[in-house]
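Below: the structure, in structure tokens.
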Amino acid sequence: MSTKNMNVEKITELFSRDLIVINMGLEVFADTLKKEGGRVLPMDWRPPAGGNEKLSSLLKRLGR
Amino acid sequence: MKVDIEKANLEAASRMLRSKPVLVDISTAGEVVPGLEKKTVLHAGPPVSWQRMCGPMRGAVIGGLILEDLARNREEAEDLAASGDIIFEPCHHHSAVGPMAGVVTWSMPVWVMENKTFGNRAYCTLNEGLGKVLRYGAFSAEVIEKLKWMAGDLAPILGEALRRHGEIDLKSLISQALQMGDEGHNRNRAGTSLFIRELAPYLVMLDEPREKIARVFSFMHGNDHFFLNLSMPACKCTADAAAGIEGSSVIYTMARNGTDFGIRVSGLGERWFTAPATMVEGLYLPGFSAEDAAPDIGDSVITETAGIGGFAMAGAPAIVKFVGGSPRDALNFTQAMYEITVAENDTYRIPTLDFRGTPTAIDVIKVVETGILPAINTGIAHKEPGIGMVGAGLVKPPEKCFHDALEAFVEKYGE
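Same order as they appear, the protein sequences are chains Y and L. 131 is the number of the first residue of the first sequence in my numbering; add one for each residue after it. 3 is the number of the first residue of the second sequence in my numbering; add one for each residue after it.
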């Protein structure tokens, strides 16, 4: 990835701000952030068809 | 085949929402159930042979054959059932539904439910009550005696009261019951109460001995699930209205026979997708445990198919005393179902969710995509015929049905 067009200032700014983190999937990442005092919103996300390749390819044929 | 699946699904959901199930009569199965012959025995769930039937289903078949004077005892009934002379068919193939074993035979009285919007009808036997009953596989002389009383006294008396009252709007009763703590599948106390209230003024005016009328009242009052056999055909004629829409992935039938669980999809015609029925997880009555349980059985999952039952659990928190879990779980089950349905019901609403409509019209594509299976709560039958209900709980249907249905759907409609 090229860093040429990245706004480094904005990225640095993130580290000094209060963040609300949306955690998708594994709860352990959210737990860790909470332990450190972070604000976390858990989202019950899982890959389509649970990651099953056959089912995923079927869904793709329906444009999903 | 190029179709607009979303449009087809909206049409399927719309038909379910526009349906208006109304109780129009009580009659005899042989007179009104399409295609029923004297040697036909209807049963719950997808097609199943005598050889593959589970214990409770076999017991109910034996009872049905004895009731119809086709056999004198268990041995004769079993021989006849195995002979090939009896035609076994799913209730669903005859516009009918039946709870647990769901056996329907010629002389049994049935509720006649009509979908006033689309004109289709559905039929269901009257609920026998609790304990040792035919639907749990009991076939003793006492069971047969009660069935004969239901045909000879209960049904004619209720039928006359119904005729004097006029047709009963079941959609309205269900809607009220859902706002009184029922969900229409496993908790029907409010619905039963509303139904008794509806007919009471007409029952007391009938020209019948008071003892007979009193027995009818006591019978209904003593069975909190009496309304189930009304909510089921109401849901059947609702869900059937969504059948046969080209390109729709909405599920219009879910049913189990104690051996297999099966589904049917609107855009795939009358084809069943089946897999072995699963075990119910729940609470057991004193003296019973999971070792005693039969696999999931009954057509009552038609309630979930039409957007009530487990899908309306958020409005029936007291049900957790029966099926296990917490009121929070009941809330979560309903909320998860919004992920796999096409619409929110515009009549069946849940007060605890700010009167949000129940999740209605299950989309098999969404079920597979999200991995969220329909939430079903149900009774648990003893695996041996004739013992009765041993508990109640929650059951996850087998994933395979939905996977196979998706594969067939893609075969027909996919790129």
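Positions of the beta carbon are idealized from the N, C-alpha and C atoms, including for glycine.
inquiry  = Under DSSP, the beta strand (DSSP E) around L/C126 begins and ends at which residues?
reply    = Mapped onto the second sequence, residue 126 of chain L falls at position 124. L/C126 -> beta strand (DSSP E) spans 123-127.
key: Interface residues of the region 12-27 of chain L facing chain Y [CB-CB below 9 Å]   = For the region 12-27 of chain L, which is checked against every Cβ of chain Y, not one residue is closer than 9 Å.
message = Between the alpha carbons of L/A407 and L/E248, how many angstroms are there, rounded?
response = Taking the second sequence and counting its residues from 1, the one referred to as residue 407 of chain L is at position 405. Taking the second sequence and counting its residues from 1, the one referred to as residue 248 of chain L is at position 246. Taking the CA atoms as reference points, L/A407 sits about 15 Å from L/E248.
task = Tell me L/M256's beta-bridge partners as DSSP assigns them.
result = On the second sequence, position 254 is the one that residue 256 of chain L refers to. L/I265, per the DSSP bridge assignment.
request  = For L/S109, I'd like the list of residues in its chain whose CB is within less than 8 Å of its CB, leaving aside the five on either flank, ordered along the chain.
outcome  = As a position in the second sequence, residue 109 of chain L is number 107, starting the count at 1. Close CB contacts of L/S109 within its chain, under the 8 Å cut and outside five residues either way in sequence, are with T30, A31, G32, L69, E70, A153 (chain order).
ask   = Would you call the region 307-314 of chain L and the region 236-254 of chain L touching, i.e. three or more CB-CB distances under 8 Å?
value = Between the region 307-314 of chain L and the region 236-254 of chain L there are three or more inter-stretch CB-CB distances shorter than 8 Å, so the stretches are counted as touching.
ask   = Which value, in whole angstroms, describes the spacing of the CA atoms of L/V170 and L/A316?
value = Numbered from 1 along the second sequence, position 168 holds the residue referred to as residue 170 of chain L. Numbered from 1 along the second sequence, position 314 holds the residue referred to as residue 316 of chain L. At residue 170 of chain L the sequence reads Ile, which differs from the Val that was named. Each residue's alpha carbon lies about 26 Å from the other.
query = Along chain Y, in chain order, which residues have C-beta atoms closer than 9 Å to that of L/I7?
reply = Taking the first residue of the second sequence as 1, we reach residue 7 of chain L at position 5. Listed along chain Y are L192, G193, each with a C-beta nearer than 9 Å to that of L/I7.
Buried versus exposed call for Y/M154 [16 or more other C-beta atoms within 10 Å across all chains shown] = Here residue 154 of chain Y is taken as the residue at index 24 of the first sequence, counted from 1. Its Cβ having fewer than 16 others within 10 Å, Y/M154 is exposed.
DSSP state of L/I378 mapped onto helix, strand, coil = Within the second sequence, residue 378 of chain L is the residue found at index 376, counting from 1. Looking at L/I378 - three-state DSSP - the assignment turns out to be strand.
ask   = Taking the alpha carbon of L/A14 as the point to measure from, which residue in L/T343, L/C403, L/V369 has its own alpha carbon closest?
value = The residue given as residue 14 of chain L occupies position 12 in the second sequence. The residue with the shortest Cα to Cα distance from L/A14 is L/T343.
key: Cβ contact check for the region 133-152 of chain L and the region 374-393 of chain L: 3 or more pairs under 8 Å   = Contact between the region 133-152 of chain L and the region 374-393 of chain L is present: three or more C-beta pairs spanning the two stretches fall below 8 Å.
key: the region 38-53 of chain L in contact with the region 257-270 of chain L per 3-pair CB rule at 8 Å   = With the cut-off at 8 Å, the region 38-53 of chain L and the region 257-270 of chain L touch.
key: L/R358 - DSSP class collapsed to helix/strand/coil   = As a position in the second sequence, residue 358 of chain L is number 356, starting the count at 1. Annotated three-state conformation of L/R358 is strand, per DSSP.
inquiry  = Does L/E1 come out as helix, strand or coil in the three-state DSSP assignment?
reply    = Nothing about residue 1 of chain L can be read from this structure; chain L reaches only from 3 to 417.
query = By the 10 Å Cβ neighbour count, where 16 or more other Cβ atoms means buried, how is L/A320 classified, buried or exposed?
reply = For the purposes of this step, residue 320 of chain L is identified with residue 318 of the second sequence, where counting begins at 1. Under this definition L/A320 is an exposed residue.
ask   = Between L/L408 and chain B, is there a C-beta pair that is closer than 7 Å?
value = Absent from the structure: chain B. Protein chains present are Y and L.
ask   = Of all Cβ atoms in chain Y, is any one closer than 7 Å to the Cβ of L/V412?
value = Translated into the one-based positions of the second sequence, residue 412 of chain L becomes position 410. Flagged as an interface residue toward chain Y: L/V412, by a C-beta distance shorter than 7 Å.
request  = Pull up the CB-CB distance for L/M234 and L/D301, whole angstroms please, since I reckon it's below 8 Å.
outcome  = Residue numbering aside, residue 234 of chain L sits at position 232 when the second sequence is read from its first letter. Residue numbering aside, residue 301 of chain L sits at position 299 when the second sequence is read from its first letter. 7 Å between Cβ atoms; contact.
ask   = Buried or exposed: L/D356, going by 16 or more other Cβ atoms within 10 Å of its Cβ?
value = Translated into positions along the second sequence, residue 356 of chain L becomes position 354. So L/D356 ends up on the exposed side.
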